[in-house]
């Protein structure tokens, strides 16, 4: 389970799941498409047709406040969009 870190539950990906049978996951940075496919099939018991991956870089920001300049950054992560076979589905809300 170290390949899949967490599912992405946003409005856009939820809509893709309903219309196109696609689901999103945050995955390990070093995971490749074959490892992601095997991990999703094993964890959720579905058939995966396609895996698309993208790497998001860390965003840096600077804010000027009364107390001075504050800098920060968001963490970098890798996202995978998984397309499932017709008829298969993943229910993140009732998966107990």
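Numbering (the UniProt record's numbering), first residue to last: 1 to 96. Ideal placement from N, C-alpha and C gives every residue a C-beta, glycine not left out.
For residue i, the three-state DSSP class (helix, strand or coil)
i          : result
residue 26 : strand
residue 14 : helix
residue 42 : helix
C-beta contact flag for residue i and residue j at 8 angstroms
i          : j         : result
residue 27 : residue 4 : yes
Sequence-distant residues of its chain with Cβ nearer than 7 angstroms to residue i (five each side left out)
i         : result
residue 2 : 28
Residues near residue i in its chain [Cβ-Cβ closer than 6 angstroms; skip 5 each side]
i          : result
residue 72 : 61
residue 21 : 84
Cα-Cα separation, residue i to residue j
i           : j          : result
residue 133 : residue 89 : Residue 133 cannot be examined here, being either before or after the span of the chain that is shown, 1 to 96.
residue 51  : residue 92 : 19 angstroms
residue 23  : residue 16 : 7 angstroms
residue 82  : residue 19 : 13 angstroms
residue 67  : residue 25 : 38 angstroms
residue 99  : residue 69 : The structure shown does not extend to residue 99, since the chain is modelled only from 1 to 96, so the question has no answer here.
8 angstroms CB neighbourhood of residue i in its chain, flanking five on each side removed
i          : result
residue 47 : 41, 84, 85, 88
8 angstroms contact criterion, which residue i and residue j should meet: CB distance rounded
i          : j          : result
residue 80 : residue 36 : 5 angstroms
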